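One structure is given below, encoded as structure tokens.
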Ligand SMILES: [Zn+2]
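Numbering (this note's numbering), first residue to last: 93 to 454.
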């Protein structure tokens, strides 16, 4: 028996339960609590059923929950687990794409073992108001398995020091392109990369104009591996420079990927409020991450403080000191949730390097 959140569940031998996803499920419950218009929810790849059972049990309002798995023993387990927790849910025994091509729900959630890519089209079709997508195939998303990344996401994932963010943006780019063909747009609510998974919470908006605007936020990152300078180019038919504007070295190009916002700050604030007052086992860790996301500059790419210091043969100062020094020069700067030693700033790379060197000497 496993205790998680306000439920206890049985996990059979061959049916997957991942305790490392508890924080992910805590945040799912808080996000759904923060979306009062959602009245129907499906976990379309459920395994033990824990996510859907928690949503049904822990939300403070009634919600119709469907829990789907293609495996018959898993469905029997889901039925036992929902009875054990005294919740009424609809249990469905279908393939994920079969279910999602035949039915629509306010919120569609998928948490597959591995890549979500084969299901994203049907998730987009079936999500009326919002969706939650987990990806655990971070190696192809982040550039570690290049060919697999290109096959799965039709994007070139540059392996840079900000690779966790590239992975998140390539996954978002895939969702954006699937959503756009239905004349719909995604509305980024909260997206994060944690350990070995990416998780997206996206709202849905309707109309050609908003879908066109969204497509305008797709594009490429041009990265200089020599001086760490980078720039973004929006659009699909871009003209990328061949050499780095900062140092003249040859640059590399990654994408297409989503270059627009990855959160809605008001929504993140609301989720933080729910997390602070609610009962969640992984509350402290989740809150640490959510506050970082709230305060993070909403712009593509970040710098790895230690990589820059290594290149410059400089001693790393406290991150707070560095960020303050950049702000004093009129630039924006913030920590990032992607990496403890990472930071975001709109200062040019040469200004950042000069600041690091000055702080290292004094
Ligand atoms: Zn350069």
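Think of the CB as a built atom: it goes at the ideal place given N, C-alpha and C, for glycine as much as any other residue.
Remember, predicted model here, so these are calculated numbers, not experimental data.
The region 174–192 in contact with the region 105–118 per 3-pair CB rule at 8 Å: no
Sequence-distant residues of the same chain with beta carbon closer than 7 Å to residue 404, five excluded per side: 445, 448 and 449.
For residue 339 and residue 257, the rounded distance between their alpha carbons: Between residue 257 and residue 339, the C-alpha separation is close to 24 Å.
N- and C-terminal bounds of the beta strand (DSSP E) containing residue 325: Its beta strand (DSSP E) spans residues 322–326.
Cα-Cα separation, residue 155 to residue 366: 17 Å
Alpha-carbon to alpha-carbon, residue 140 and residue 102: 8 Å
Residue 287 to residue 312 span [Cα, whole Å]: 25 Å
Residue interval of the beta strand (DSSP E) (run including residue 437): 434–437
Start and end residues, beta strand (DSSP E) containing residue 199: 197–202
Classification of residue 145 by the beta-carbon crowding that lies within 10 angstroms, buried from 16 upward: buried
Residues with C-beta closer than 6 Å to any heavy atom of ligand 1, in chain order: 316, 318, 319, 321, 336, 338, 339 and 341
Expected contact under 8 Å - CB spacing of residue 98 and residue 149 to nearest Å: Right, the Cβ-Cβ distance comes to about 5 Å (below 8 Å), so this counts as a contact.
For residue 96, the three-state DSSP class (helix, strand or coil): Residue 96 falls in the strand class under three-state DSSP.
Candidates 341, 232, 347 and 270, of which the one nearest residue 328 by Cα: 347
Residues near residue 314 by beta carbon distance below 6 Å, same chain, minus five either side: 323, 332, 343 and 345
Pair within 8 Å by beta-carbon distance, residue 202 and residue 188: yes
Coil, strand or helix - residue 412 by DSSP: helix
Cut-off 7 Å between Cβ atoms - residues of its own chain near residue 408, not counting five sequence neighbours on either side: 397, 398 and 401
Host beta strand (DSSP E) of residue 220 (start-end): 219–227
Residue 134 classed as buried or exposed, judged by whether at least 16 other C-beta atoms fall within 10 angstroms: buried
Helix, strand or coil at residue 123 according to DSSP, with G and I counted as helix: helix
Own chain partners of residue 284 with C-beta closer than 7 Å, once the 5 adjacent residues on each side are dropped: 291, 381, 385 and 429
Secondary structure of residue 206, DSSP reduced to three states: coil
Contact belief for residue 270 with residue 277 at Cβ below 8 Å, rounded distance in angstroms: Not a contact, Cβ separation roughly 12 Å.
Contact belief for residue 391 with residue 436 at Cβ below 8 Å, rounded distance in angstroms: 6 Å
Between the CA atoms of residue 334 and residue 204 - distance to the nearest angstrom: 39 Å
Runs of alpha helix (DSSP H) wholly within the region 332–414 (minimum 4 residues, chain order): Assignment of alpha helix (DSSP H) within the region 332–414, counting only whole runs of 4 or more residues, yields 357–369, 375–387 and 397–404 in chain order.
Closest by C-alpha distance to residue 229, when choosing among 137, 297 and 260: 260
Where residue 298 falls: helix, strand or coil (DSSP): strand
Sufficient close CB pairs (3 or more, under 8 Å) joining the region 216–225 to the region 242–251: Segments in contact, no.
Beta-carbon separation (whole angstroms), residue 255 vs residue 217, contact threshold 8 Å: About 30 Å separates the two Cβ atoms, so there is no contact after all.
Endpoints, the beta strand (DSSP E) within which residue 133 is located: 132–135
Which residues DSSP lists as bridging residue 283, in chain order: Residue 283 pairs with 292.
Reduced DSSP category for residue 427 - H, G, I as helix; E, B as strand; rest coil: In the structure shown, residue 427 falls within a strand segment according to DSSP collapsed to helix, strand and coil.
Proximal residues to residue 377 (C-beta, below 8 Å), its chain only, five neighbours per side dropped: 115
Residue 188, DSSP secondary structure in three states: helix
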